[in-house]
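Okay, structure first, notes after.
There are 2 protein chains.
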Amino acid sequence: MAQRTRADALSRERIVEAAVELLDADGERGLTFRTLTERLATGPGAIYWHVPNKGELLAAATASVIGDALTVAATGSPWEEIRALALGLFDAVERHPWLSPQLAVQLSHSPWGSVTPRIFESIGRRVSALGVPEATWFTATSALAHYVFGAAGQNAANARALQVGGADRAEFLRDAANAWEELDPAEFRFLKAIAGQVREHDDREQFLTGIDLILTGIAAQERP
Amino acid sequence: MAQRTRADALSRERIVEAAVELLDADGERGLTFRTLTERLATGPGAIYWHVPNKGELLAAATASVIGDALTVAATGSPWEEIRALALGLFDAVERHPWLSPQLAVQLSHSPWGSVTPRIFESIGRRVSALGVPEATWFTATSALAHYVFGAAGQNAANARALQVGGADRAEFLRDAANAWEELDPAEFRFLKAIAGQVREHDDREQFLTGIDLILTGIAAQERP
DNA sequence: ACCTGAACACCGTTCAAGT
DNA sequence: ACCTGAACACCGTTCAAGT
């Protein structure tokens, strides 16, 4: 085939966009240089001209999706904005479940790359507007950020299990709760005790309650 | 070579043990069936007789390491035991940085496999002993567990960056803080503001302060 | 400057064959 | 029952060659 016309020219953005689509459709195993070259009707060499390697491609896909989630309408109290921001990230991980392992991988390759600072900045600005002592800002922001990723990761895992299993949420929780009620009480008496709560809880609501919990702790903290 | 003698016979445990050693030494890319067969002086077929595939091997390695971290001496108030438990997990991820992406992967493949329930049980028992209303147990335990993994993951990332870069901690934080002070204030005024705190903070101490923050929020929560 | 496509090294997994 | 080791399909990456 001859050189591409201007209209279908490759670019880093088009490649990243296609990568996100493949990841959304089939998870991390859905993105290979074979599937990518097929979708973009090109060869591997063309992609390598725009992107140095697969790791960078995954990093760019992650940054792109997280960046969208961080643009939150700034209307409300800092407390409310933190809730909105956290919920935006939570939902982004639910829409793109591959984000969960991927964020951990990105972090472990370059902890302060491009994603973490932007998330810290977004959350931290609102924390600093809460009126708590400046000496607590960093720790408070860290606590919120860590909680958000932990919770979002677990939820993405549940979402994927639902998708694979083909069951609906209520059914999934009912089965899990029933299984827990059968557990050996010597080893798992706590899980048995809360099986009922698991059956009835709502993930997003519980997630936000966790945010409120941490914000309450932050507000209650004395000058260290 | 003839069949192995009883002394050097393969077993699932020996394979998992070797896998953990390879992972500790070189991260996830250090564990391949080639390196594993070489270390165990055998062929791939032998390993596949004991372990169904690489995913299960990684899951077993994860469960093994997490299991060790969960066996905590039960002496102290519930609050203190939760701190000890959390710190044990935090340190385990620091010693085995591959745990961080791996936990996310395990979670997304089977969210309530074997690792998550055991962690929930360990934390939850102490939460239920705090004296807070039973209706809050599940949410409180979730918040703690999610925070622990998020924080441990970020810390593992930092630890690995240190290992790769060859720098020491103080130098690493100084460089990061200096870089943040140079950032564009329009985009990153919060990061600039806390650069000083970043330079001076201690990871483990900050992690425990986060635990206290959440526990304070839990204790302050009213009956929902 | 941008793209093509064959080729390479490496990986997880299988399986017929041995003891 | 347990292990061997060659073979297979697939993957990320390179690179000489084209326009």
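Quick note, the sequences are listed as chains F and V, same order. Using the numbering used here, the first residue of the first sequence is number 29, and each one after it goes up by one. Using the numbering used here, the first residue of the second sequence is number 29, and each one after it goes up by one. Every residue gets a Cβ at the ideal spot worked out from N, C-alpha and C, and that includes glycine.
Fewer than three beta-carbon pairs drawn from the region 65-80 of chain F and the region 114-121 of chain F are found closer than 8 angstroms, and the two stretches are therefore not classed as touching. The Cβ atoms of residue 90 of chain F and residue 38 of chain F do not sit closer than 8 angstroms to each other. The C-beta of residue 134 of chain V has 16 or more other C-beta atoms within 10 Å across all chains shown, which makes the residue buried.
Within chain F, the C-beta atoms nearer than 8 angstroms to that of residue 186 of chain V come from 139, in chain order. Chain-ordered, the chain F residues with CB closer than 7 angstroms to the CB of residue 175 of chain V read 171, 174, 175, 178. Under the Cβ criterion of 8 angstroms, residue 111 of chain V is not counted among the residues facing chain F. The beta carbon of residue 107 of chain V does not come within 8 angstroms of any beta carbon belonging to chain F, so the residue lies off that interface. DSSP, reduced to helix, strand and coil, places residue 208 of chain F within a helical segment of the structure shown. Taking one beta carbon from each stretch, the region 206-219 of chain F and the region 143-152 of chain F have fewer than 3 pairs nearer than 8 angstroms; the two do not touch. Among the CB atoms of chain F, one or more fall inside 8 angstroms of the CB of residue 189 of chain V. With a 10 Å radius around the Cβ and a threshold of 16 neighbouring Cβ atoms, residue 99 of chain V comes out exposed.
Given a length threshold of 4 residues, each whole run of the alpha helix (DSSP H) inside the region 109-157 of chain F is given here in chain order: 127-137, 143-156. 140, 145, 148, 149, 152, 153, 156: these are the residues of the region 140-158 of chain F whose beta carbon lies less than 7 angstroms from some beta carbon of chain V, given in chain order. With at least 16 other beta carbons inside 10 angstroms of its own, residue 188 of chain V counts as buried.
Residues are counted here when their Cβ sits less than 9 angstroms from a Cβ of chain V; for the region 198-218 of chain F these are 204, 207, 208, 211, 215, 216, 217, 218, given in chain order.
When the beta-carbon positions are compared, residue 246 of chain F and residue 168 of chain F come within less than 8 angstroms of each other.
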